[in-house]
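Some notes on the structure that comes next.
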Amino acid sequence: MNFIASKQPENRLLGPESDTQRTLYPYVTGTSVVALKYKDGILMAADMGGSYGSTLRYKSVERMKPIGKHSLLGASGEISDFQEILRYLDELILYDNMWDDGNSLGPKEVHNYLTRVMYNRRNKFNPLWNSLVLGGVKNGQTYLGMVNMIGVNFEDNHVATGFGNHLARPILRQEWHENLSFEDGVKLLEKCMRVLLYRDRSAVNKLQIAKITEEGVTISQPYSLKTYWEFSAFENPAQGAIGSW
Amino acid sequence: MFRNQYDTDVTTWSPAGRLFQVEYAMEAVKQGSAAIGLRSKTHIVLGCVNKANSELSSHQKKIFKVDDHIGVAIAGLTADGRVLSRYMRNECINYSFTYESPLPVGRLVVQLADKAQVCTQRSWKRPYGVGLLVAGLDESGAHLYYNCPSGNYFEYQAFAIGSRSQAAKTYLERRFENFADSSRDDLVKDALMAIRETLQGETLKSSICTVAVVGVGEPFHILDQETVQQMIDAFDIVGEKEGPAAEPDDAAAGQEVEAEQGAAADQGGSTDEGVAPMDI
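Structure, rendered in structure tokens:
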């Protein structure tokens, strides 16, 4: 009997491992996505930054895309994995359309499909390193859900990824209510995005807001938020704590 | 149909452009006991005649629940029907798991039809010898489809398959224009009437038929014998007493008395009794 620890025979169940690779860490990442339900559908906001570690390298990355007729997908995390997911969904929607039978996949179905994909990849220790926000409207029903790289998924009236969970959701919990108008929804989202801009180091001041209603998807042109840096607390930040961080 | 030199296997065409094996498979459907289906805008009712082989045996199951929103009635080789039902159940449950949404009936019947077509184009296979009436609900409303061993499928307002189905079809043809707006109970009544047509004089009782319903807000389920018998009695469907033999007459008389007395007792429980008329 051979007691020498050898990688090959133990991993036989996993198949030939020499050619395959697994995701170990992300490289080019997007930061938070924030979304909420409003009167006519869903509003979603994401900035256009793609960070390469601590460098804010790419500043025109579109992190929200329409899916089929009824859904909108926003992603944070590894951008290349997001592009891979878009390919999967493209194929899914294509096959759905090819039935040509009047039925179509709605946001709930797409969200569940994504959950299955994300969870499966996680089980194979080769995750798609993303947190996804999926929103949409179908037959008058509004849907908003989130799924992340370990397969955790849920639906809610407002969702966020990454830092958004810590900075934006408390604001939304206080100020969100049913039947927000479009203007109020945008104001609320901008408030969240502004806080993220001040406090998240990977945020860039160039964002898009997307809306999806029964009529379809509109993604705004990129624009910037007004910021104010003259707060007295910003002037001498170490004033109250000299010598410490 | 005459035996000829082009009917040995399914992958041989006849000079007239026919595949005899497929046509023989459709014959098998015609020999099976009757199954009928009809739909309104919101409900679909499936019904079938259950003939037990002998008085000692139970009858074959011909209606299967495929999912909460889909059910199927079969005629022909019931073993083939069972296998196809299992396939359909699998497809529905896998779709539900992936999309958390019910599989649209229209897609299921296409998958079923494609599966049947494969068997008409492989020399080592044979066509499924069963016709399926698929009843289901989807976003666009209530649907009734018929899947053929040939791999064709058709959508119907109402249809009947199996032996003596022509009688039921005639009845349905006369009435189908009203079905779209029928109430659920009227639809069941029409189903029972159609089943009675295929019995050709034999008394209709809940022990020899099965009825299932699916509709908006009502998941697919088979009605239990008692309910069916109550409906038979309530609609006074027992009807014409042209039964020539004494036994059916007695049974008919017994049923009539029951209807008069309004009793809901399941009198036609087993097939082996020459039911003695009740003393009034």
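From first to last, the protein sequence lines stand for chains H and W.
Just so you know, we're using full-length UniProt numbering here: the first sequence kicks off at 1 and counts up by one.
Just so you know, we're using full-length UniProt numbering here: the second sequence kicks off at 1 and counts up by one.
The C-beta atom is built at its ideal place from N, Cα and C for all residues, glycine as well.
State the start and end residues of the unbroken alpha helix (DSSP H) segment that holds residue i.
i	result
Leu167(H)	Phe163 to Glu175
Leu197(H)	Phe182 to Arg199
Asp185(W)	Arg184 to Leu199
Ile93(H)	Ile79 to Met98
residue 246(H)	Absent from the model: residue 246(H). The displayed extent of chain H is 1 to 245, so no value can be given.
Met149(H)	Neither: Met149(H) is in no alpha helix (DSSP H) and is coded neither H nor E.
Arg22(W)	With the sequence shown as reference, residue 22(W) is identified as Val, and Arg is not the correct amino acid for it. Start and end: Phe20 to Gln31.
Lys59(H)	Looking at the DSSP string, Lys59(H) is not in any alpha helix (DSSP H), and its letter there is neither H nor E.
Lys108(H)	Pro107 to Asn123
Gly81(W)	Thr78 to Tyr99
Just reading off the beta strand (DSSP E) that residue i is part of, what are its end residues?
i	result
Asn153(H)	Asn153 to Glu155
Thr29(H)	Val28 to Gly30
Lys65(H)	Met64 to Ile67
Ala142(W)	Gly141 to Asn147
Lys65(W)	Ile63 to Asp67
Ala52(W)	Neither: Ala52(W) is in no beta strand (DSSP E) and is coded neither H nor E.
Quick one: what's residue i bridged to in DSSP?
i	result
Glu218(W)	Gly215(W)
Val44(W)	According to the sequence displayed, residue 44(W) carries Ile and not Val. Paired residue(s): Arg39(W) and Val214(W).
Ala158(W)	Leu38(W)
Gln141(H)	Lys138(H)
Ala160(H)	Val34(H)
Val109(W)	Beta-bridge pairing links Val109(W) to no other residue.
Gly102(H)	Answer by DSSP bridge pairing: none, since Gly102(H) is not bridged.
Ile208(W)	Beta-bridge pairing links Ile208(W) to no other residue.
Ala46(H)	Val33(H) and Gln208(H)
Thr8(W)	Partner(s): none; Thr8(W) has no beta bridge.
Thr213(H)	Gly41(H) and Gly216(H)
Please go through the same chain and pick out, in chain order, the residues whose beta-carbon is closer than 6 Å to the beta-carbon of residue i, but skip the five residues on each side of it.
i	result
Arg122(H)	Ile150 and Gly151
Asn153(H)	Thr115 and Val147
Phe159(W)	Gly37 and Tyr146
Ser40(W)	Phe179, Ala180, Ser182 and Leu187
Asn179(H)	Lys39
Val45(W)	Leu38, Leu187, Val188, Ala191 and Val213
Pro104(W)	Asp138
For residue i, count neighbouring Cβ atoms within 10 angstroms of its own Cβ and tell me buried if that reaches 16, exposed if not.
i	result
Gln21(H)	exposed
Asp47(H)	buried
Pro127(H)	buried
Gly201(W)	exposed
Phe231(H)	exposed
Gly74(H)	buried
Asp81(H)	buried
Lys62(W)	buried
Ile70(W)	buried
Val49(W)	buried
Asp138(W)	buried
Ala160(H)	buried
To which residues of the same chain is residue i closer than 7 Å at the C-beta, ignoring the five residues directly before and after it?
i	result
Gly136(H)	Ile42, His70, Ser71, Leu72, Gly106, Pro107, Tyr143 and Ile212
Phe125(H)	Arg22
Glu215(H)	none
Leu196(H)	Ser32, Phe163, Gly164, Leu167, Ala168 and Ala203
Ala113(W)	Asn147, Gly151, Asn152 and Tyr153
Leu19(W)	Val10, Trp13 and Thr120
Between which residues of its own chain and residue i is the CB-CB distance below 8 Å, once the five residues before and five after are set aside?
i	result
Gly129(W)	Ala25, Ala28, Val29, Gly76, Leu77, Asp80 and Pro149
residue 282(W)	Since the first and last residues shown for chain W are 1 and 280, residue 282(W) lies out of range.
Thr170(W)	Glu197
Val110(W)	Tyr153
Glu242(W)	Reliability of the predicted coordinates at Glu242(W) is poor, the pLDDT of 40 falling under 50, and no value is obtained from them.
Can residue i be considered in contact with the ligand GTP, in the sense that its beta carbon sits closer than 7 Å to one or more heavy atoms?
i	result
Glu197(W)	The ligand GTP is absent from the structure shown, which contains no ligand whatsoever.
Name, going along the chain, the residues of the segment 94-120 of chain W whose beta-carbon falls closer than 7 Å to a beta-carbon of chain H.
Thr98, Tyr99, Glu100, Ser101, Pro104, Gly106 and Arg107
Within 9 Å of chain H by C-beta, residues of the segment 138-158 of chain W in sequence order
Asp138, Glu139 and Ser140
Which residues, in chain order, does the segment 87-102 of chain H contribute to contact with chain W at a C-beta distance below 8 Å?
Trp99, Asp101 and Gly102
Between the segment 107-127 of chain H and chain W, which residues of the former have CB atoms less than 7 Å from a CB of the latter, in chain order?
Shown in chain order are the members of the segment 107-127 of chain H whose Cβ falls below 7 Å from a Cβ of chain W: Lys108, Glu109, Asn112, Tyr113 and Arg116.
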